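Counted the way my numbering counts, the sequence shown spans residues 477 to 704.
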Amino acid sequence: MSRMVIAAGLAASAVLLLLGKDYLHASLAGSVGGRDCPAALIQEATARAARTFPNDNAEPVIRCMKGPALGLRVDYGASHFLPVLPTLILLGPKGQNTDVLAHELVHAEVRAKTGALVRSYGLPTWFDEGLGMQADERAPFQDLGDLAPSPGDFPELGEIGRPSTFFRAGRQSRLNYGFARCVVAGWLEAEGTDLDGFLKDQSLLGKFPTDRFEPHAAACRERLSQHS
Numbered sequence: 477m478s479r480m481v482i483a484a485g486l487a488a489s490a491v492l493l494l495l496g497k498d499y500l501h502a503s504l505a506g507s508v509g510g511r512d513c514p515a516a517l518i519q520e521a522t523a524r525a526a527r528t529f530p531n532d533n534a535e536p537v538i539r540c541m542k543g544p545a546l547g548l549r550v551d552y553g554a555s556h557f558l559p560v561l562p563t564l565i566l567l568g569p570k571g572q573n574t575d576v577l578a579h580e581l582v583h584a585e586v587r588a589k590t591g592a593l594v595r596s597y598g599l600p601t602w603f604d605e606g607l608g609m610q611a612d613e614r615a616p617f618q619d620l621g622d623l624a625p626s627p628g629d630f631p632e633l634g635e636i637g638r639p640s641t642f643f644r645a646g647r648q649s650r651l652n653y654g655f656a657r658c659v660v661a662g663w664l665e666a667e668g669t670d671l672d673g674f675l676k677d678q679s680l681l682g683k684f685p686t687d688r689f690e691p692h693a694a695a696c697r698e699r700l701s702q703h704s
């Protein structure tokens, strides 16, 4: 057995261990500190998410949290993934609304169409979050005018491809989410009619076609700054 195969096996084992620990913690916290979410909320959010994914396959477990549990705090929404097991969505006290749940349901659908590992490690964070924002109509991410951004305030796509670089606090958080929403919306309008097929083509070993999104990123930098 080659060293490359051994290294790949060890890396995969480490990833599964990390995901498994996170998923188990979230599952226990959801059982202890959560409850079933209102049926009307789930119905409304599912309908909203269906705008992006009419052919839905995900069957996530959804829990509405009353507050922190077992050391896990969720303010808005968080999705947890593990191969074979269903996506687990936890909604915090501030996230029990149609926007947040629809956003998380889109993440669950991406996972259903790509697999937990590809969704978590094969897709750029800006793309995954940009898809989620197609179902999320929260005003602060729709209109960035009060931030008075200039084109140079928006990052390059390569700079926000991982969770550690995408997720930021305050002003930069809104810029990243609003920018990702705009970029993905432009791509969907131009060539995203077969979103399911596009997702199924993605893999851990393949290269994500960021170049197909660059023209939309350039257009969004100009458009979003003009609205300031």
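Just so you know, even glycine gets a beta-carbon here, dropped at the ideal spot from N, CA and C. From a predicted model like this one, the values you see are computed outputs, not experimental measurements.
Is the distance from the Cβ of residue i to the Cβ of residue j below 9 Å?
i	j	result
F630	R697	yes
L567	G547	no
G654	Q702	no
D672	F529	yes
L561	H583	no
F642	A624	no
R595	F557	yes
L680	L593	yes
L577	C658	no
Check the C-beta distance from residue i over to residue j and give it rounded, since I have them as a contact under 8 Å.
i	j	result
G598	Q678	6 Å
A521	L581	6 Å
P600	G637	4 Å
L651	L675	Wrong, their Cβ atoms sit about 26 Å apart, outside the cutoff.
V508	A545	5 Å
Helix, strand or coil for residue i? Go by DSSP, reduced to three states.
i	result
L700	helix
A534	coil
L561	coil
D619	coil
R539	strand
A735	One cannot answer for residue 735 here, as it falls past the ends of the chain, which runs 477 to 704.
D575	helix
R511	strand
A545	strand
L681	coil
L664	helix
Take residue i as the anchor and find which of the options has the nearest alpha-carbon.
i	options	result
H579	E632, D604, G634, F643	D604
A588	T574, W602, P559	P559
T574	N531, P625, V594, A515	A515
L633	V508, L517, P685	P685
L517	Q572, N533, L561	Q572
A502	A523, R549, N531, N533	R549
E613	Y499, C513, G668, A525	A525
G543	P627, A505, A666, T590	A505
S627	L700, P616, Q648	Here residue 627 turns out to be Pro, not Ser, going by the sequence shown. Nearest option by C-alpha distance: L700.
G668	A695, A534, Q610	Q610
N533	V576, G591, A694	G591
W663	N531, A693, A523	A693
I'd like to confirm something about residue i: is its beta-carbon nearer than 8 Å to some heavy atom of the ligand COA, or not?
i	result
S596	Ligands displayed in this structure: none; no statement on the ligand COA is therefore possible.
Chain C beta carbons: is any one of them nearer than 9 Å to that of residue i?
i	result
E613	No chain C is part of this structure, which consists of one protein chain only.
- Query: Should the stretch 529-541 be regarded as contacting the stretch 561-577, the criterion being three or more beta carbon pairs within less than 8 Å?
  - Reply: Yes: at least three Cβ pairs fall under 8 Å.
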